[in-house]
Amino acid sequence: MKKDWNKEQFGFETRAIHAGQAPDPTTGAIMTPLYLSSTYVQESPGVHKGYEYSRTGNPTRRAYEDCLANLESGKFGFAFTSGCAASTTALHLLKAGDHVIACDDMYGGSFRLMDKVIRHNGIEFTFVDLTNVENFKKAIKPNTKMVWIESPTNPTMKLVDIRRTCEAARPKGIISVVDNTFMSPYFQRPLELGADLVLHSTTKYINGHSDIVGGALITSNEEIAKKIAFLSNSMGGISSAFDAWVSMRSLKTLALRMRQHETSAMEIAKFLDQHPKVERVAYPGLPSHPQHALAKEQMHGFGGMITFYIKGGMDAARTFLESVQVFALAESLGGVESLIEHPAIMTHASVPPENRKALGIDDAMVRLSVGVENLEDLLRDLTQALDKV
Ligand code: P1T
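Just so you know, we're using this note's numbering here: the sequence shown kicks off at 4 and counts up by one.
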């Protein structure tokens with residue numbers, strides 16, 4: 004029997020280790036087995052133990068989905084083969100003629116999915132600066148059915164007031180979706196702030212070791228959950244049992260990792276903030292972040308992502324990015340190892356140049372995903388690379 008690891012009685016760290024899981028009843032194995040079965044034997048047609056076919060449901064995936072749902076303070080979790088598969092599924096809650104209001108700044112691949120793929124299904128998108136809830140209210144049309152929030156945004160680190168935006172959406176029947184990839188449920192729980200649906204690229208902090216590509220959706224809304232279960236089964240973008248097993252193992256250390264990511268990121272943000280070769284740092288934990296107060300209100304920490312602008316434009320950025328030794332020059336984020344990248348050329352190349360210009364995603368912008376290596380090593384690495392500029 005699986006226990007009820009409810010948040011009233013148990014802390015986040017305990018739930019991350021136990022929720023959705025129980026010792027195997029036949030062997031006593033403490034860890035949930037990796038069920039690599041595609042199908043399940045039935046006693047009689049339609050009489051089975053809750054599983055028929057692994058696209059529809061798999062016991063390993065179910066344990067992971069239940070653990071994720073628990074950590075996000077939700078009731079229903081769904082695991083997908085990538086963050087983009089989770090986004091694609093969520094966007095299929097809509098039908099032709101519906102309108103979506105989305106953040107003007109978001110992961111380049113999410114923008115591409117909306118602008119170049121889903122738009123062809125007859126769905127209309129308006130991209131607005133959601134840092135001001137009035138901009139959201141002004142963009143609402145009679146056919147608006149969804150608001151798509153990323154907070155903090157990737158890569159400019161803008162924050163959206165999740166509570167107030169969802170409050171404005173709900174009475175109009177607009178589904179609020181929050182991409183919580185940058186914060187993980189350890190630092191931000193959008194469902195507690197009134198969101199309908201939470202999305203993750205679990206490739207990032209949830210799995211945390213840069214060895215899985217995955218995605219997830221979590222909700223407490225039964226009607227939305229039923230539709231997502233139907234879509235996930237029909238469209239088939241589900242997580243493999245192996246990826247679910249590895250990601251569930253990673254969840255057990257999520258709290259430890261997130262605390263270290265944040266401690267180191269805060270020190271690095273302060274270091275960059277006073278560095279003469281750095282123009283500006285965007286980190287929600289710095290009082291200089293324009294929405295520092297909102298960060299303290301809606302987040303339980305500031306996370307491990309830092310964006311900054313180096314003085315000297317492309318030449319300086321290139322020299323710096325080629326000079327780091329501990330930080331690895333690579334796309335992605337949220338792993339135990341520190342990564343560094345150039346959004347304009349790398350992760351956000353699919354955003355049109357005019358949009359990038361308006362958002363400030365320029366040649367001088369550098370994004371850091373601070374890992375959990377020794378902090379002194381990271382600071383020394385950044386120092387020597389900045390010295391070369
Ligand atoms: O890569 P995938 O697992 O499909 O997830 C897409 C995605 C969704 N949402 C956010 C906020 C993301 O950052 C991502 C993926 N982002 C990167 C690969 C990156 O380097 O920013």
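Glycine residues also receive a C-beta, built at the ideal position from the N, C-alpha and C atoms.
* Please report the residue range of the beta strand (DSSP E) in which Arg283 lies. => Counting along the chain, the beta strand (DSSP E) containing Arg283 begins and ends at Val281 to Ala285.
* To do: Output the residue ranges of the beta strand (DSSP E) runs that lie fully inside the segment 59-126 and measure 3 residues or longer, sorted by chain position.
  => Runs found: 79-83 and 102-106.
* Any idea which residues DSSP pairs Ala467 with across the strands? -> Since the first and last residues shown for the chain are 4 and 392, residue 467 lies out of range.
* To do: Could you give the DSSP three-state label for Arg192: helix, strand or coil?
  => Three-state result, Arg192: coil.
* Assuming Ile241 and Arg64 form a contact by the criterion Cβ under 8 Å, report the distance between their Cβ atoms to the nearest whole angstrom. => With a Cβ gap of about 7 Å, Ile241 and Arg64 count as contacting.
* Asked: What are the boundary residues of the alpha helix (DSSP H) that includes Lys229?
  -> Element bounds for Lys229: Glu225 to Met238.
* To do: Starting from Asp182, trace the alpha helix (DSSP H) both ways and give me its first and last residue.
  => It is not in any alpha helix (DSSP H) - Asp182 instead sits in the beta strand (DSSP E) that spans Ile178 to Asp182.
* To do: Could you work out which residue in Tyr43, Asp164 and Met149 is closest to Gly176 when comparing CA atoms only?
  => For Gly176, the closest alpha carbon among the candidates Tyr43, Asp164 and Met149 is that of Met149.
* Since I believe His123 is in contact with Leu234 (beta carbons under 8 Å), could you give me their beta-carbon distance rounded to a whole number of angstroms? => 18 Å between Cβ atoms; not a contact.
* Taking all protein chains shown into account, do 16 or more other C-beta atoms lie within 10 angstroms of the C-beta of Asp199, making it buried, or fewer, making it exposed? -> Asp199 is buried by the Cβ-count criterion.
* Asked: Quick one: is Ala2 buried, meaning 16 or more other Cβ sit within 10 Å of its Cβ, or exposed?
  -> The displayed coordinates of the chain run from 4 to 392. Any statement about residue 2 would go beyond what the structure contains.
* Given His292, which residues of its chain have a CB within under 7 Å of its CB, disregarding the five upstream and five downstream residues? -> For His292, same chain residues with a beta-carbon under 7 Å away, outside a window of 5 residues either side, are Ala285, Tyr286 and Ala298 in chain order.
* Determine the DSSP secondary structure at Trp248, reduced to helix, strand or coil. => Here Trp248 sits in helix by DSSP.
* Counting only the same chain and skipping the five closest in sequence on each side, list residues whose C-beta sits under 7 Å from that of Thr92. => Excluding residues within five positions, the ones whose Cβ falls inside 7 Å are Phe83, Leu220, Ile231, Leu234, Ser235, Met238 and Gly240.
* Asked: Does the Cβ of Gln191 have 16 or more other Cβ atoms within 10 Å, making it buried, or fewer, making it exposed?
  -> Burial check for Gln191: the Cβ neighbour count within 10 Å reaches 16 or more, so the residue is buried.
* State buried or exposed for Arg383, treating a residue as buried only when at least 16 other CB atoms are found within 10 Å of its CB. => So Arg383 ends up on the exposed side.
* Asked: Does the beta carbon of Glu334 fall short of 6 Å from some heavy atom of the ligand P1T?
  -> A heavy atom of the ligand P1T is found nearer than 6 Å to the CB of Glu334.
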